[in-house]
Structure formats: C-alpha cells, structure tokens
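Structure first, then comments.
2 protein chains.
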Amino acid sequence: MELWFSEMQSKNVKMSYKIKNVLHSEKTKFQNLAVLDSEEFGRMLILDDVVQLTMKDEFIYHEMIAHVPLFTHGSPERVLVIGGGDGGTLHEILKHPVKEAHLVEIDEKVIEASKKFFPELSVAFDDPRAKIFCEDGIAYVKRFKNHYDVIIVDSTDPVGPAVGLFRKEFYKDIFDALTEKGVFVAQTESPFYYEGLLKEVYNCIAEIFPYAAVYTAVVPTYPGALWTFIMGSKQVDPNKANVPESCDFKTRYYTPDIHKACFKIPAFIKEILSK
Amino acid sequence: MELWFSEMQSKNVKMSYKIKNVLHSEKTKFQNLAVLDSEEFGRMLILDDVVQLTMKDEFIYHEMIAHVPLFTHGSPERVLVIGGGDGGTLHEILKHPVKEAHLVEIDEKVIEASKKFFPELSVAFDDPRAKIFCEDGIAYVKRFKNHYDVIIVDSTDPVGPAVGLFRKEFYKDIFDALTEKGVFVAQTESPFYYEGLLKEVYNCIAEIFPYAAVYTAVVPTYPGALWTFIMGSKQVDPNKANVPESCDFKTRYYTPDIHKACFKIPAFIKEILSK
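These protein sequence lines map, in sequence, to chains A and B.
Each number in the numbering used here corresponds to the 1-based position in the first sequence with 9 added.
Each number in the numbering used here corresponds to the 1-based position in the second sequence with 9 added.
Printed below as a string of structure tokens:
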C-alpha cells in the first residue's frame, strides 16, 4: 500500500509526501495533531493538516528564528518563545549563554507529542534554564513589563488558535514586556501566499518599535519556501547589529554572513512593504 | 472536472498544480513538451514532466541567472546562453547594453512554444542584438576561442538532453570560448535533491577557473526551492565584484544588495563544498 500525505499549500497547489507510517494522530482541544514518518523528510509534525516541521529541514527555520534576534541583541539573559511547542526554537536558544528561556505553548498536546516523537528537539525542555508554561501566550505576555530581552513568536499560520498572535494589541504587549534593548521576532509566512499579512504586521511593528526589519530564509517544506520574519527592535538597528565573526556552536544554516545577508530582501518584497 | 498536474520532485515528494487548461502538448525530437495554464502560477512550461518556468515566479530564476554574471563582469559586450529556449534569460540579458546576445537551444520546438505561449519572454528573440541558433550547445561552443564575455548555461535537469551540459570537457570548452575577463554561470539544482551534482560541478569549475563561487536564489516551483548557481570567473573575484549601486532597469527580485548577499551561502552548503 502506498500512503501519501498532502498539504494544500493554497486551494490550487498541493504538496504531497510519501509516508512510511502514521506515528500518532489526535484531536486536541485546539487542533488536529499528527506525527508522520515520511520517506524524504523524516518525521513530520502536522497541525490542522499543515506541516509544522520535518526533521530534514527544521534546522533552517529554527536556527533563523532564534539566532538572528539573539545575536542582534548581543547579550540576552531572559528569552521568551510564544508557541513553538515542538521545542525546536528553544533548543537553538539554549545554545546561547542565556540565563532563562521560557516557552508558552497553548496546546500541551504539542509538547507531549514532541517529547515522544521529536526527542532531538524536546531535549530542550530538560535544560535547567528552560521553563514551560501551558497557557495562552496573549494572556501570559500581558503580565510582564520590562522583563524579557528577546521575545520570539513561533506561531502556526494566522488561522485557528494563532489568529490573536498577529494582532496589534499583542505586539504592544510584547513591546512592554521587553527590556529597554529588547528584540522581537515573529514568523510572517511567505509573500507568495500571504502578501497582505507581511505588509500588515510590518506596519504594526514599524509603528510600535523604533526599528522594524524583514528578513528571509528558505524552508523547502513551507508553502512558497521563501519565508519571512519580522523583527522589531528597541535600540539596536537590525541592519547594523554587531554580529560575532563566528559562532561558538555548530549550525547548519545560520552563519554570521547569512545573518547580515538575510536582511537583504528581494525587490518584490521591498515593493510590498512600501505600498 | 478538476484537472491537476503533478511533478515528482523526487520519488517520495510530489508537487501538484490545479490546471485551467492544457494549452499545448507534443513529443519533440528531444523531450515531451507541454504548456499548461495553472490557477496559481499562470502559464507553465513543462519539459519531460518537470516545471521549467511559471509566469508567476520565472522572474526570480531569470533575473538571478542573468544579472549576477553580467554585473559581475561589469561591461559585457557579447553574451551567450546555452539552453534557455523559452527566452526568459535572454530577455533579462537584453536589459543590459550588450552588443550581441546569442542563444543556442537544441530543441527548436521550445522556441516555437515560447513564441506562441510566452510572448512576455520570447519578445527577446525580436531584439536586433539577439541571434538564435538551433543546435547542440556542446558542439557550438567548441567553435569559439576568446569570443564571449559571459556564457550562461540555462539547462534542464542533468538527465536526458542536458547530461552533457554538466561535464568537465564542456566547461573547458566554455573557458576557452570566454574572453580574458570572462564570466560563466550554470544552474546547479537544489542541494536538497542534487547534493552530489553541486559538489561535482563546483570542483570542476574550481579546477578550470581562477575563481569559483556558489550563489543561491529561491524559486518556489523548483524542487527544494533553494536553488544554486555556480559561477566561474577568469579575472573578477565574484565576492568582490564592483556591483553598481542601483539598476537602471526594473527588477522584481535582483537588487545590488541581493547580488552581494546571494554569495553568502548556508552552512550546510559550505559543508557540501568542503567535503
């Protein structure tokens, strides 16, 4: 029997993966969760039929959402991840000499699944510097003022449980929760499928933060592949950050040169932002 | 009726596009050729079941394969494209003040199909500086010494009619056909699916040319999306090219900043090259 999983990247484009095994499938309080073992990309986490990570290319997204803001800040001690229950982003953060790395995931079932099926990532949960909170990130962040050096929003697509993570009020609360040199990053999808979102979030961040910048990375299993991140920064100009000349831990995508290069965005994305 | 075209990106990954219309389909002397009108990506050229271009994202590949070598050279007068019968690369080249832009395409049916279905690209064929030769690029290039300033190999995948375009002997002939400041570029697929090819071609070019460099661009409809190009250069160090501060023609992906940034390659590609 041939088993294929298909993700509708849009209503007119479909990406399909040959599957060895369905390792897990459940309906949580928030979403449908599945773990598949694919021939080409290894184990995959699927939420509401959308690929969240694959073991073959997760390093790209996780390194880029973590190392770019942390090195931009320069000396972060307290870091917060909102979402990211698989632990991949946390795992990258903990490669830095931070004092505390907190993660707020609304769906504890994602954390449980990661512990069972993605031990390479969820190993992060056992780090003594890590603390995990299973609650709504929107409510969580409201309780802090001038507290975190870096906040990373590692969300699903802007539908279902993640809708509130793309709203201006939330970004304002994040601004307040950040320390005076604070840096914020959110994933903002591909401009090929979510052009409007990129522009909208960028405008919000540019209104709230002294510095707003877009950077990109290429994630083959995400729709459109050319992935965008928006950074808001209180003091450090993202384009002039004092990036170290080398990393003292191993990376597979991120390099200090990639850090500087990733802020050089294609002409059509510049055009979207300036419309 | 719903019509879908699927490309096997590997034997375990499949990308499918909802199709409005099959505009053309034929078996040429060299390959199966089809032109489809897709809902999401507009018209598509398909050779041997592989997407060659879509009207929605062709600008990325064509701008990056053309403007990077031409601006690296600085003042190219005679440019040759091997392959690229759709005319997209030629169209970008002709935005530069070149004197002659030649194209050698083995399959005249590709040129005919482009004239009929991709007028935005094939308009290049009517430029008085353009000359089209329907013959084998491998034989063609052997006839020239010290003649072209830039040679671009805009080939299909390294199977079928394109196999000879990935061989060392061919690259040596290209070196000889180039003028003393000559620059060469070839597309070398995605490292996610053709890791071996990238390394092999890079080694060849590094043996033949004083300078060899890899650069990348993101093409959503190509397998793996993170696309590589290898440049060989006789005099100009690709990493230190004197790129103009702005373009005097409109681009949608390429910018002078992207030119410099595209040579900053992810850590895992560096590792492939250094193995």
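The beta carbon of each residue, even a glycine, is placed where N, CA and C say it ideally should be.
Being a predicted model, the structure only gives us computed values, none of them experimental.
Chain-ordered chain B contacts of residue i [CB-CB under 9 Å]
| i | result |
| --- | --- |
| Lys23/A | Trp13, Ser15, Lys23, Met24, Ser25, Tyr26, Lys27 |
Beta-bridge pairing of residue i - partner residues as DSSP gives them
| i | result |
| --- | --- |
| Asp116/B | BP columns for Asp116/B are empty, so no partner. |
| Ala276/A | Answer is none; Ala276/A lacks a bridge partner. |
| Asp46/B | Asn30/B, Arg52/B |
| Leu12/A | Ile28/A |
| Lys23/A | Met17/A, Ser25/B |
| Ser242/A | Val192/A, Tyr220/A |
| Val139/A | The question names Val, but residue 139/A is Ala in the sequence shown. Note: Ala139/A sits in a beta bridge opposite Ala110/A. |
| Thr225/A | Thr237/A |
| Ile160/B | Leu89/B, Phe193/B |
| Lys36/A | Asn41/A |
Contacts that residue i makes with chain A (C-beta to C-beta distance below 7 Å)
| i | result |
| --- | --- |
| Ala276/B | Thr260, Arg261, Tyr262, Tyr263, Thr264 |
| Gly233/B | Pro229 |
| Glu49/B | Ser19, Asn21, Val22 |
| Ile267/B | Lys273, Pro275 |
Nearest to residue i (by Cα), restricted to the options the options
| i | options | result |
| --- | --- | --- |
| Asn41/B | Val77/B, Phe50/B, Val113/B, Lys118/B | Lys118/B |
| Asp46/A | Pro167/A, Ile28/A, Glu204/A | Ile28/A |
| Met17/B | Val228/B, Tyr26/B, Gly205/B | Tyr26/B |
| Lys20/B | Val44/A, Lys38/A, Phe50/A | Phe50/A |
| Ala250/B | Asp257/B, Met240/B, Phe258/B | Met240/B |
| Ala234/A | Glu209/A, Pro200/A, Val223/A | Pro200/A |
| Met64/A | Leu79/A, Ala75/A, Glu48/A, Asp57/A | Glu48/A |
| Gly94/B | Val132/B, Thr81/B, Pro78/B, Asp58/B | Val132/B |
| Leu99/B | Ser123/B, Leu130/B, Asp58/B | Leu130/B |
| Gly169/A | Asp58/A, His82/A, Ala226/A | Asp58/A |
| Asp182/A | Ile91/A, Arg52/A, Ser283/A | Ile91/A |
| Glu209/A | Ala226/A, Pro229/A, Lys177/A, Thr188/A | Lys177/A |
| Lys125/A | Val44/A, Thr197/A, Tyr224/A, Leu56/A | Val44/A |
| Ser34/A | Val22/A, Met24/A, Leu54/A | Leu54/A |
| Gly96/A | Asp136/A, Pro78/A, Thr81/A, Phe153/A | Asp136/A |
| Glu280/A | Pro229/A, Gly205/A, Asp257/A, Thr230/A | Gly205/A |
| Thr237/B | Val192/B, Pro275/B, Leu103/B, Val150/B | Pro275/B |
| His76/A | Ile278/A, Ser15/A, Ser255/A | Ser255/A |
| Phe277/A | Val227/B, Phe80/B, Pro247/B | Val227/B |
| Pro167/A | Asp185/A, Thr197/A, Ser283/A, Ile74/A | Thr197/A |
| Gln61/B | Pro232/B, Thr225/B, Ile102/B, Pro78/B | Pro232/B |
| Ile147/B | Ala171/B, Val192/B, Phe127/B, Asn30/B | Ala171/B |
| Gly83/A | Lys190/A, Phe175/A, Glu121/A, Ile120/A | Lys190/A |
| Asp115/A | Leu207/A, Ser164/A, Pro128/A, Tyr203/A | A quick correction: the sequence has Ile, not Asp, at residue 115/A. Among Leu207/A, Ser164/A, Pro128/A, Tyr203/A, the Cα nearest to that of Ile115/A belongs to Ser164/A. |
| Leu112/B | Phe134/B, Pro128/B, Lys38/B | Phe134/B |
Contacts of residue i in chain A (Cβ-Cβ under 8 Å)
| i | result |
| --- | --- |
| Phe238/B | The premise fails here: Phe238/B is roughly 14 Å from chain A at the closest Cβ pair, so nothing lies under 8 Å. |
Listed by chain order, chain D residues near residue i by CB distance under 7 Å
| i | result |
| --- | --- |
| Ala270/A | Annotation note: the requested chain D is absent from the structure, which comprises protein chains A and B. |
On the three-pair Cβ rule with 8 Å, is the stretch 83-94 of chain B touching the stretch 152-168 of chain B?
yes
Decide yes or no for the touch test of the stretch 65-75 of chain A against the stretch 138-157 of chain A: beta carbon pairs closer than 8 Å, at least 3 of them.
no
Could you say if the stretch 102-113 of chain B and the stretch 265-284 of chain B meet the contact criterion of at least three C-beta pairs nearer than 8 Å?
no
If the cut-off is 9 Å on Cβ atoms, which residues from the stretch 125-154 of chain A count as contacting chain B, listed in chain order?
none
Touching by the beta-carbon criterion (3+ pairs, under 8 Å), the stretch 257-265 of chain A and the stretch 201-220 of chain A:
no
Residues of the stretch 174-207 of chain B with Cβ closer than 8 Å to any Cβ of chain A, in chain order
Ser199, Phe201
Pull out every residue of the stretch 216-228 of chain A whose Cβ sits closer than 7 Å to any Cβ of chain B, in chain order.
Val227
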